[in-house]
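Peer 1:
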Amino acid sequence: MKKLIQEFKGFIMRGNILDMAVGVIIGGAFNTIVTTLNKQILMPVVNWALSYIPGMESGLYTILPNSKLATDATAVDAIILGPNGKGYTVLNYIDWSAFIESILNFFFIALTLFIILKVVTYLGKKRKELEEKAKAAKEAEASVEEPVIEEAPVEVVEPVKDPVVELLEEIRDSLKKPESPKKTTKTKKETTK
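Count the sequence shown with the numbering used here and you get residues 9 to 201, in order.
(1) According to DSSP, is D103 part of a helix, a strand, or is it coil?
(2) Quick check on K7: does DSSP put it in helix, strand or coil?
(3) Assign A118 to one of two classes, buried (16 or more other C-beta atoms within 10 Å of its C-beta) or exposed (fewer than that).
(4) Sorted by chain position, which residues of the same chain lie with C-beta nearer than 6 Å to D27's C-beta, five sequence neighbours on each side aside?
(5) By how many angstroms is the C-alpha of V172 removed from the C-alpha of V165?
(6) Mind checking who I88 pairs with in its DSSP beta bridge?
(7) Is the distance from the Cβ of N74 to the Cβ of N100 below 8 Å?
(8) Pull up the distance between the alpha-carbon of D181 and that of A150, whole angstroms please.
(9) Whole angstroms is fine: what's the gap from K76's alpha carbon to V32's?
(10) Grouping DSSP H, G and I as helix and E and B as strand, with all else coil, what is Y60?
(11) Assuming V42 contacts N113 (C-beta within less than 8 Å), just tell me the rounded distance between them.
(12) State yes or no: is the C-beta of M51 within less than 8 Å of the C-beta of E137?
(13) To the nearest angstrom, how far is the alpha carbon of E15 from that of A144?
(14) Is it true that the CB of N55 sits closer than 8 Å to the CB of S105?
(15) At what residues does the beta strand (DSSP E) containing T70 begin and finish?
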């Protein structure tokens with residue numbers, strides 16, 4: 009059971025699944041925008057323009073011949089109101105505006121996807137160019153050798169000793185020297201007397 013849960017977690021957390029979920033949600037919201045644009049803005053304009061064509065005064069539809077107009081004797085519950093405002097007992101009609109609306113929906117969705125793909129492709133090319141420029145600049149920077157600066161030989165100057173220090177060093181050195189053998193013998197004779 010644990011293995012199944014881990015596999016499911018791995019499946020959900022994959023990048024493709026999350027990207028697809030975001031795409032579906034945005035696509036649903038975008039579909040609402042396009043449908044509203046068509047139904048509320050474009051189709052009224054199209055129907056208004058077509059109202060100048062004889063027979064299309066109330067919109068884009070065709071009432072089929074098997075439709076039957078309601079008579080005065082027809083019950084009110086049985087009357088179906090047609091797109092032309094008349095009552096029918098049997099109504100069959102073709103709604104051309106729904107077909108045109110679907111075509112416009114398709115057109116706008118395809119146009120939007122085309123623009124999005126163009127932008128993504130353009131940004132991908134720009135990113136690749138910038139990466140190549142950065143790589144070339146880095147390689148050029150690495151290939152440029154730093155100029156070798158030849159330094160003049162430095163002369164080592166011996167420090168001048170202070171005369172007092174020299175005198176003290178001589179005294180130290182003389183104290184370290186062993187006494188001569190003659191002096192030691194004299195001192196031994198003197199000590200024996």
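Cβ coordinates follow ideal geometry from the N, Cα and C atoms, glycine included.
Peer 2: Looking at the atomic coordinates:
(1) Counting from 1 along the sequence shown, the entry for residue 103 is found at position 95. Of the three classes helix, strand and coil, the one that applies to D103 here is strand, per DSSP.
(2) With the chain covering only 9 through 201, there is no way to say anything about residue 7.
(3) Taking the first residue of the sequence shown as 1, we reach residue 118 at position 110. The residue in question, A118, is exposed, as its Cβ has fewer than 16 Cβ neighbours within 10 Å.
(4) On the sequence shown, residue 27 is found 19 positions in, with the first residue counted as 1. Taken in chain order, the list of residues that qualify is empty.
(5) Within the sequence shown, the letter at position 157 stands for residue 165. Within the sequence shown, the letter at position 164 stands for residue 172. Those two C-alpha atoms are separated by around 20 Å.
(6) For the purposes of this step, residue 88 is taken as residue 80 along the sequence shown, with counting starting at 1. DSSP lists Y96 as partners of I88.
(7) Here the question's residue 74 lines up with position 66 in the sequence shown. Here the question's residue 100 lines up with position 92 in the sequence shown. Yes, they are a contact pair.
(8) The count along the sequence shown starts at 1 and reaches residue 181 at position 173. The count along the sequence shown starts at 1 and reaches residue 150 at position 142. Spanning the two alpha carbons is a distance of roughly 59 Å.
(9) Locating residue 76 in the sequence shown gives position 68, where the first residue counts as 1. Locating residue 32 in the sequence shown gives position 24, where the first residue counts as 1. If you take the alpha carbons of K76 and V32, they lie about 44 Å apart.
(10) Position 52 of the sequence shown, counted from the first residue, corresponds to residue 60. Y60: coil per DSSP, three-state reduction.
(11) Here residue 42 is taken as the residue at index 34 of the sequence shown, counted from 1. Here residue 113 is taken as the residue at index 105 of the sequence shown, counted from 1. Indeed they touch by this definition, with Cβ atoms about 5 Å apart.
(12) If you number the sequence shown from 1, residue 51 lands on position 43. If you number the sequence shown from 1, residue 137 lands on position 129. No, they are not a contact pair.
(13) In the sequence shown, residue 15 corresponds to position 7, counting from 1. In the sequence shown, residue 144 corresponds to position 136, counting from 1. Straight through space, the alpha carbons of A144 and E15 are spaced by roughly 43 Å.
(14) Residue numbering aside, residue 105 sits at position 97 when the sequence shown is read from its first letter. Residue numbering aside, residue 55 sits at position 47 when the sequence shown is read from its first letter. Contact flag set, yes.
(15) Sequence index remark: in the sequence shown, residue 70 carries index 62 (1-based). Element bounds for T70: 69 to 71.
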